[in-house]
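Trainee:
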Amino acid sequence: MNRAAGVLMPLSSLPSKHGIGCFSKEAYDFVDWLRDAGQTYWQILPVGPTGFGDSPYQSFSTFAGNPYYICLETLVEEGVLTEDEVNAVSFGDDADSVDYGKLYQGRYPLLRKAYERSRISENADYQHFLHENGWWLSDYALFMAVKNFFGGKNWSEWPRDIRLRWGYALDYYRRELYFDIEFQQYMQFKFFEQYHALKKYANEKGVQLIGDLPIYVAMDSADTWSHPELFRLDEDNVPEMVAGCPPDGFSATGQLWGNPLYRWDYHKDTDYQWWVTRMWYAFQLYDVTRIDHFRGFDEYYAIPYGSETAAAGHWEKGPGLQLFQSIEYQLGKHPVIAEDLGYMTDSVRRLVKESGFPGMKVVEFAFDARDTGAASDYLPHNYPKNCVAYTGTHDNETLVSWLKTISPLERQMARDYLCDQHTPLKHLHKSFIAMVMRSAARTCIIPMQDYLGLDNSARLNHPSTTGKNWRWRVRKEQLSHELQQEIADVTRRYGRFRYAEGE
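Pasting the structure below:
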């Protein structure tokens, strides 16, 4: 495989109209922009429907798409909405930030109106979509319809009959909420229709999509509600243990994620069929799949349900290599990235190596005053070819802010490593990008905020916080020809420039 480069920016950050990035003309323009910048990859993060906190890593479904990404302009062209109806809705006043509250209040009524005018049941493509996706869509659409019926409550708070999926309750709600269920199916049909059109266009232009697969599913999800046997739940479908991270230098009490843990013995007995299906689905959706929190397959942190912090948790053994051997045996080889960041043990390193998947290297982790040696895995001279190098990820500070917030000693360590004592701090991020790009790593992915030289006001996510994450959006004028040429130059300089097929 040749050296390659790409850009990390979620769909939500596109400069589309109507409050959030979506499958609009701006998405296609961005593909063209990436192509002309010589980029091979666009990393878009998870694309599932989001709930409280707006995190794409806490989705209502591991299979569904986010209705926010449906292009309203396309629905206008289809004649199911009018421009006046769309323009009458306020999606927020700040072009730099997603206003999720206004999105929720304004977008769903428009999508409902489009559905009611669509006569979708007469659409042959829609009927084919239902046939092909009923194995997950039926439960998801019912889950969302019932959830809305109960005012958005977590399914664990629903009445016992539907919470435990008693047969008569399922029949009752399917009958009573028929049109609400069909509305959910309509939104999924439109999402995937528009998504696959964009993916086809990107691939034709030589740009591949990298998508993220969170290791865990949300407790409040169609997955957990419809398949409780997959998870460590009791007879009332209440979690016994939940996921998180132990206390460390970043958090004295650890991170309490709250996701249900897998019943790995059950998965093993079924030859990991649910995981095989999940990976097969991801391989249809993305050109490359990045598996989040890969170390959890070696060992995972289990926290007793009801704990207020993660401090009471303990480590348990995961399925290890056997899971990925089963996936490869049933599906063949596919491009996968293992997110192997965080505390690394010898067994985790061994699992990544034996899987053959490229791991990740983040240069922001390289300069730590507590480790002054040259053996750090994150120093670019130590990157193997089989890895994906980043300046930072969606969870990190932007390069500009990171350089300002690290200690003077760490900043000096970084300058010494760069052999650069003179570049002004406000421009030093460019030196870091070049340093990562010239590493041996086969693939290099740079967040768009780092190319733009933005500070933490553009940061995507602060782990373990809610309320202000996943909001940043790029302005159309920021995607300038000058920046495009700058990216093309550094990409070409270090042998990563990709021409689209036929050029």
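Per my numbering, residue 155 is the first one in the sequence shown, and the count goes up by one each step.
A virtual CB, placed ideally from N, CA and C, is assigned to each residue, including glycine.
#1: What residue from Q339, L572, S380 has the CA that sits closest to W320's CA?
#2: By Cβ distance below 8 Å, which residues in the same chain neighbour S561 in space, the five residues on each side in sequence not counted?
#3: Determine the closest residue to R449 out of F346, T463, D494, with distance taken between C-alpha atoms.
#4: Per DSSP, Q197 is paired with what?
#5: Secondary structure at Q429, three-state DSSP: helix, strand or coil?
#6: Once you ignore the five residues that flank D122 on each side, which residues in its own chain have a CB closer than 8 Å to its CB?
#7: For A436 and V201, what's the separation of their Cα atoms in angstroms?
#8: Looking at C-alpha atoms only, which residue of A456, A406, D446, P400 is the closest neighbour of Y416?
#9: Among A249, C225, M395, which has the Cα closest to the Cα of L410?
#10: On the DSSP letters alone, give me the boundaries of the beta strand (DSSP E) that H468 sits inside.
#11: Only counting the same chain, and skipping five residues up and downstream in sequence, which positions put a Cβ closer than 6 Å to that of G656?
#12: Would you kindly work out how many angstroms separate the C-alpha atoms of R157 and N413, rounded to a whole number?
#13: Rounded to whole angstroms, what is the Cα-Cα separation between N103 and I600?
#14: Does E383 pass the burial test, meaning 16 or more other C-beta atoms within 10 Å, or should it be called exposed?
#15: How far does the beta strand (DSSP E) with E564 in it reach, from first residue to last?
#16: Helix, strand or coil for Q438, going by three-state DSSP, please let me know.
#17: Hey, how far is the Cα of L543 from the Cα of A595?
#18: Please list, in chain order, all residues of the same chain as A654 whose beta carbon is under 7 Å from its beta carbon, the five residues on each side excluded.
#19: Between K301 and the rest of its own chain, which residues show a CB-CB distance below 6 Å, the 5 nearest in sequence each way excluded?
#20: Quick one: Cα of A528 to Cα of H583, how far?
#21: Using a Cβ-Cβ cutoff of less than 7 Å, which residues in the same chain neighbour T432 once the five nearest sequence positions on both sides are dropped?
#22: Excluding five sequence neighbours on each side, which residues of the same chain lie with their C-beta closer than 7 Å to the C-beta of D186?
#23: Quick check on the burial criterion: 16 or more other C-beta atoms within 10 angstroms. Buried or exposed for T545?
#24: Got a sec? Which residues, its chain only, sit under 7 Å from A376 by beta carbon, not counting five neighbours each side?
#25: Fully enclosed by the region 340 to 388, which alpha helix (DSSP H) runs are 4 residues long or longer?
#26: Going straight from the alpha carbon of L291 to that of E330, what length do you get?
#27: Quick check on T645: does DSSP put it in helix, strand or coil?
#28: Quick one: residues in its chain with C-beta nearer than 6 Å to the C-beta of F343, no 5 flanking neighbours on either side, listed in chain order?
Mentor: To lay it out plainly:
#1: One-based indexing of the sequence shown puts residue 320 at position 166. Of the listed residues, the one whose Cα sits closest to W320 is S380.
#2: Here the question's residue 561 lines up with position 407 in the sequence shown. Hits under 8 Å: A523.
#3: Sequence index remark: in the sequence shown, residue 449 carries index 295 (1-based). Cα-wise, what sits closest to R449 is D494.
#4: For the purposes of this step, residue 197 is taken as the residue at position 43 of the sequence shown. Partner(s): L162, I364.
#5: The count along the sequence shown starts at 1 and reaches residue 429 at position 275. The identity of residue 429 in the sequence shown is Trp, whereas the question assumes Gln. Helix, per DSSP.
#6: With the chain covering 155 to 657 only, the question about residue 122 has no answer from this structure.
#7: Along the sequence shown, read from residue 1 onward, the residue named residue 436 stands at position 282. Along the sequence shown, read from residue 1 onward, the residue named residue 201 stands at position 47. Taken atom to atom, the span from the alpha-carbon of A436 to that of V201 is near 11 Å.
#8: Along the sequence shown, one-based indexing puts residue 416 at 262. If we check each option's Cα against that of Y416, A456 comes out closest.
#9: Position 256 of the sequence shown holds residue 410. Nearest option by C-alpha distance: M395.
#10: As a position in the sequence shown, residue 468 is number 314, starting the count at 1. Run containing H468: 468 to 471, per the beta strand (DSSP E) assignment.
#11: Taking the sequence shown and counting its residues from 1, one reaches residue 656 at position 502. Low confidence applies here, because G656 scores a pLDDT of 43, under 50, leaving its location unreliable; read the following figure in that light. Closer than 6 Å at the Cβ level, and outside the excluded window around G656, lies no residue.
#12: Mapped onto the sequence shown, residue 157 falls at position 3. Mapped onto the sequence shown, residue 413 falls at position 259. Each residue's Cα considered, the two are about 37 Å apart.
#13: Nothing can be reported for residue 103, as the shown portion of the chain is limited to 155 through 657.
#14: Here residue 383 is taken as the residue at index 229 of the sequence shown, counted from 1. Exposed, since its Cβ has fewer than 16 Cβ neighbours within 10 Å.
#15: Within the sequence shown, the letter at position 410 stands for residue 564. No beta strand (DSSP E) contains E564, which is instead part of the alpha helix (DSSP H) from 562 to 572.
#16: Indexing the sequence shown from 1 puts residue 438 at position 284. Helix, per DSSP.
#17: Sequence index remark: in the sequence shown, residue 543 carries index 389 (1-based). Sequence index remark: in the sequence shown, residue 595 carries index 441 (1-based). Here residue 543 turns out to be Ala, not Leu, going by the sequence shown. Taking the straight line joining both Cα atoms gives about 6 Å.
#18: Indexing the sequence shown from 1 puts residue 654 at position 500. Unreliable positioning characterises A654 in this predicted model, as indicated by a pLDDT of 47, which lies under 50. A coordinate reading is not provided.
#19: Looking up residue 301 in the sequence shown gives position 147. Answer for K301: no residue qualifies.
#20: Looking up residue 528 in the sequence shown gives position 374. Looking up residue 583 in the sequence shown gives position 429. The alpha-carbon atoms of A528 and H583 are separated by roughly 21 Å.
#21: Indexing the sequence shown from 1 puts residue 432 at position 278. For the sequence presented, residue 432 should be read as Arg rather than Thr. The answer, listed in chain order, is T216.
#22: Here the question's residue 186 lines up with position 32 in the sequence shown. For D186, where only same-chain residues beyond five positions count, the Cβ hits under 7 Å are K359.
#23: Within the sequence shown, residue 545 is the residue found at index 391, counting from 1. Label assigned to T545: buried.
#24: To locate residue 376, count along the sequence shown from 1; it is residue 222. So the qualifying residues of the chain are F214, S215, D293, Y294, F297.
#25: Correct list: 376 to 380.
#26: One-based indexing of the sequence shown puts residue 291 at position 137. One-based indexing of the sequence shown puts residue 330 at position 176. Cα-Cα distance, rounded: 18 Å.
#27: Locating residue 645 in the sequence shown gives position 491, where the first residue counts as 1. Helix.
#28: Counting from one through the sequence shown, the residue named residue 343 turns up at place 189. The answer, listed in chain order, is Y280, F283.
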